[in-house]
Amino acid sequence: MLKIYNTLSRQKETFLPLEEGKVGIYVCGLTVQNYSHIGHIRSAVAYDVIRRYLEYRGYDVTYVQNFTDINEKIVERAREEGLTAEELAEKYTQAYLEDIEQLNVKRASHYVKATENIDAIIGMIETLLEKGYAYEVNGNVYFSVENYEDYGKLSGRSLEDMQAGARIDIVEEKKNPLDFALWKKAPEGEKDWESPWGRGWPGWHIECSAMSMKYLGKSFDIHGGGADLIFPHHENEIAQSEACSGHKPFAKYWVHNGPVNLKGEKMSKSVGNFYTTRELLEKYRGVEVRYYLLTKHYRSPIDFSLEELEEAGTSLKRITNTINNLRRLLNTKVDIENKKAGEGEKLPDLAAIKDEFLQAMDDDFNTARAIGVVHDFVTAVNRLVNAQDFVLTESNYSFIKEADAIFTEILGILGLDVREADTQTAGEGLHEPLIELLLEVREMARQKKDWAVADRIRDGLNELGIIVRDTPQGVIWEKERG
RNA sequence: GGCGGCAUAGCCAAGUGGUAAGGCAGAGGACUGCAAAUCCUUUAUUCCCCGGUUCGAAUCCGGGUGCCGCCUCCA
């Protein structure tokens, strides 16, 4: 039975969709103002796994993610880059989509943009005005937090709490400092839209309410986003959505992923201490970054470090090696000894392993634990397959076949595509034939047991960044990683 | 100041009141001419500190200490 931690209740709840067999998920994406960084990617991967697991469990999932493509920051950044707001948003939207593709994140059912849903946004604001939850002043429309009785239920604070420690700019025209803009006048000369209150832009929070309801209905199952969005963004979304529709709950399960910090500091665009996804992907494969993120539970904060990312790569390699090894065995159709299922042959319990994996995933998508199970599985398989007295009996063969199928199944849930890593090719400036020639000479030396010459060649190549390895199948060389 | 979260081996990390998963690094071993790569084995009498509840607590309660997030249109 799947349990999900719901920020609204602050506890794990059994997952029951509003409509049998179907799940609607809305995830707050990002403001497309720059290249994505590891924090954005963490969010993307977290919800991708949630989505994949729900699909694995047989649900028909509608996954909606937004791009905030108009606001002050977009305009500001567009000016810096000498682009229009539309061009800038388009540029970084495409960049983001490329980034997440490398992380094997599935495409959303719908990617929605504020600028493409202005009508829905205006319609919603009109309803809020009619129902008395909003007021207009000088071309700006504000939501009145005092008129919505449940304000604060998500973040667990009362209006009094918030006003007490207020660090909010006092805006004279607001009735309450916590009131937030639904519609705002745009700065002179910037892209804006006609509305009943004059030309302007939507406020930040309203787009998510309008678009989620448009695509998923007045109530839907899961609303996700970064924990930093709990207040004020999601609090405001709930207030305006429930006030507008009269339906509760707006979203049944509120899911929040933890932040990514760097050297103990919060990593964000404003601090400027982040790695962009592109920078990381120059040095690390998408699958490694994804694996690294999944070794921690999605709600825990991550203190990002390249050392850990590196270690994750090593850890992942262990899994990859085992799978490649299984596939190699499956391809050796020869020599399946007739020996029937050996007496005393004890094979790992595959069903139990899979079950354990699913239990971990059922427990609020505990990928860290699930990956632990994968490693247990790896050890169990290696122990069998690498045993000195291992022979490919019929029963072993079918075991391997099934083990391979289970690996594919559970790694698919995690979205870890561990197919053979790219084979590194020769270093620049070094001619392959030359290397081959050197290795040929080395082989001759080895035949004569002239270890000094053989080792000199190996060490020399090593200094040039070429790693030489002797294997039972012959010598292998590859370019040093990184 | 207000709200919330976290403290588990050198590092990362999971953990449903019943006697500490997993990974990385380290150590030992197999393999190798030696290596490399790979594989196997091994590494916490104890879970920040002090009390309490309980037959029994890393897990629950109270207090303390330390760190972090949010309260700023950052995922």
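So for the first sequence, this note's numbering puts the first residue at 136; every next one is plus one.
Quick reminder that beta carbons are idealized off the backbone N, C-alpha and C, glycines included.
*Do N201 and G164 have their C-beta atoms within less than 9 Å of each other?*
Translated into positions along the first sequence, residue 201 becomes position 66. Translated into positions along the first sequence, residue 164 becomes position 29. Yes, these two residues count as a Cβ contact at 9 Å.
*DSSP three-state call for H510: helix, strand or coil?*
Indexing the first sequence from 1 puts residue 510 at position 375. DSSP places H510 in the helix class (H, G or I) of the three-state scheme.
*Between I437 and P394, is the Cβ-Cβ spacing less than 9 Å?*
Taking the first sequence and counting its residues from 1, the one referred to as residue 437 is at position 302. Taking the first sequence and counting its residues from 1, the one referred to as residue 394 is at position 259. Yes; because the gap between Cβ atoms is below 9 Å, this pair is in contact.
*The beta strand (DSSP E) spanning D605 covers which residue range?*
Here residue 605 refers to the residue found at position 470 when the first sequence is read from its first residue. Its beta strand (DSSP E) spans residues 601 to 606.
_The beta strand (DSSP E) enclosing Y227, as first and last residue numbers_ = Position 92 of the first sequence, counted from the start, is the residue given in the question as residue 227. From DSSP, Y227 is part of no beta strand (DSSP E) but of the alpha helix (DSSP H) over 220 to 237.
*Counterpart residues of H358 in DSSP-defined beta bridges*: Here residue 358 corresponds to residue number 223 of the first sequence, with the count starting at 1. Partner(s): Y161, W389.
*asked:* At the level of alpha carbons, what is the spacing between D285 and H382?
replied: As a working note, residue 285 is residue 150 in the first sequence. As a working note, residue 382 is residue 247 in the first sequence. Each residue's Cα considered, the two are about 13 Å apart.
_Sufficient close CB pairs (3 or more, under 8 Å) joining the stretch 449 to 462 to the stretch 511 to 521_ = yes
*Rounded distance between the beta-carbons of A230 and Y170, thought under 8 Å*: Here residue 170 is taken as the residue at index 35 of the first sequence, counted from 1. Here residue 230 is taken as the residue at index 95 of the first sequence, counted from 1. Indeed, because the Cβ distance is near 6 Å, the residues count as touching under 8 Å.
*Among residues of its own chain, excluding the 5 on either side of D363, which ones have a beta-carbon nearer than 7 Å to its beta-carbon?*
The count along the first sequence starts at 1 and reaches residue 363 at position 228. Closer than 7 Å at Cβ, skipping near neighbours: P394.
*Per DSSP, cross-strand counterpart(s) of E148*: Position 13 of the first sequence holds residue 148. Per DSSP, I139.
*asked:* Once the 5 residues before and after E537 are set aside, which same chain residues still bring their CB inside 6 Å of it?
replied: Locating residue 537 in the first sequence gives position 402, counting from the first residue. If we look at E537 and ignore the five residues flanking it on each side, its Cβ neighbours are L485.
*asked:* Considering just the uninterrupted stretch of the beta strand (DSSP E) at E443, what are its terminal residues?
replied: On the first sequence, residue 443 is found 308 positions in, with the first residue counted as 1. E443: not part of any beta strand (DSSP E); member of the alpha helix (DSSP H) spanning 441 to 466, first to last residue.
*Quick one, which of N466, L464, L429, E423 has its alpha-carbon nearest G448's?*
For this step, residue 448 is matched to residue 313 along the first sequence. When only C-alpha atoms are compared, the closest one is E423.
*Please state if the CB of L482 and the CB of D539 are separated by a distance shorter than 9 Å.*
Position 404 of the first sequence, counted from the start, is the residue given in the question as residue 539. Position 347 of the first sequence, counted from the start, is the residue given in the question as residue 482. Their beta carbons are not under 9 Å apart, which means D539 does not touch L482 by this criterion.
*For G399, does the count of other Cβ atoms within 10 angstroms reach 16, so buried, or fall short, so exposed?*
For the purposes of this step, residue 399 is identified with residue 264 of the first sequence, where counting begins at 1. Caution applies to G399, whose pLDDT of 47 falls short of 50 and renders its modelled position unreliable; the value that the coordinates give is listed next. Residue environment for G399: exposed (fewer than 16 other C-beta atoms within 10 angstroms of its C-beta).
*Taking only runs that begin and end inside the stretch 303 to 383, name each unbroken beta strand (DSSP E) of 3 or more residues, in chain order.*
315 to 320, 335 to 337, 355 to 361
*Do you know offhand how far K262's Cα is from L317's?*
In the first sequence, residue 262 corresponds to position 127, counting from 1. In the first sequence, residue 317 corresponds to position 182, counting from 1. Looking at the sequence itself, residue 262 is Thr, so the reference to Lys does not match. Between T262 and L317, the C-alpha separation is close to 12 Å.
_Along the chain, where does the beta strand (DSSP E) containing K248 start, and where does it finish?_
Counting from one through the first sequence, the residue named residue 248 turns up at place 113. Per DSSP, K248 belongs to the beta strand (DSSP E) from 245 to 248.
*For the alpha helix (DSSP H) holding T543, just list the boundary residues, first then last.*
In the first sequence, counting from the first residue as 1, residue 543 sits at position 408. Its alpha helix (DSSP H) spans residues 529 to 549.
*Taking three-plus beta-carbon pairs below 8 Å as touching, is the stretch 211 to 219 in contact with the stretch 266 to 277?*
No, the stretch 211 to 219 is not in contact with the stretch 266 to 277.
_Quick check on the burial criterion: 16 or more other C-beta atoms within 10 angstroms. Buried or exposed for T543?_
Here residue 543 is taken as the residue at index 408 of the first sequence, counted from 1. Classification of T543: exposed, given that the 10 Å Cβ count is below 16.
*Range of the contiguous alpha helix (DSSP H) that encloses K489*: Walking along the first sequence from the start, residue 489 turns up at place 354. Membership of K489 in the alpha helix (DSSP H) is indicated by the continuous run 485 to 497.
*Do the CB positions of A618 and N252 come within less than 9 Å of each other?*
Given that the chain is displayed from residue 136 to residue 617, the structure contains no residue 618 and the question cannot be resolved.
*How long is the line joining the alpha carbons of F93 and L599, rounded to whole angstroms?*
Any property of residue 93 remains undetermined from this structure, which presents the chain solely from 136 to 617.
*Grab me the residues of L574's own chain with a C-beta within less than 6 Å of its C-beta, minus the 5 sequence neighbours each way, in chain order.*
Along the first sequence, read from residue 1 onward, the residue named residue 574 stands at position 439. For L574, where only same-chain residues beyond five positions count, the Cβ hits under 6 Å are V610.
_So, at 6 Å on beta carbons, what are the nonlocal neighbours of G617 in its own chain, with the 5 sequence-adjacent residues on each side left out?_
Looking up residue 617 in the first sequence gives position 482. Since pLDDT at G617 reaches only 48, below the 50 mark, its modelled position is unreliable, and the value read off the structure follows with that caveat. No residues qualify anywhere along the chain.
*Can you list, in chain order, the residues of its chain whose CB lies under 6 Å from that of I488, leaving out five sequence neighbours each side?*
Reading the first sequence from its first residue, position 353 is the one you call residue 488. Hits under 6 Å: F512.
*Range of the contiguous alpha helix (DSSP H) that encloses I205*: Position 70 of the first sequence, counting from 1, holds the residue named residue 205. Careful: I205 lies outside any alpha helix (DSSP H) and carries neither H nor E.
*Just tell me which of W612, L549, N531 has its CA closest to the CA of P568.*
The count along the first sequence starts at 1 and reaches residue 568 at position 433. When only C-alpha atoms are compared, the closest one is W612.
*From E342 to I256, what does the alpha carbon distance come to, in whole angstroms?*
As a first step, residue 342 must be located in the first sequence, where it is residue number 207. As a first step, residue 256 must be located in the first sequence, where it is residue number 121. Cα to Cα, E342 sits roughly 6 Å from I256.
*Taking Y426 as the reference, which of Y410, V199, E446 has the closest Cα?*
On the first sequence, position 291 is the one that residue 426 refers to. That would be E446, whose Cα lies nearest to the Cα of Y426.
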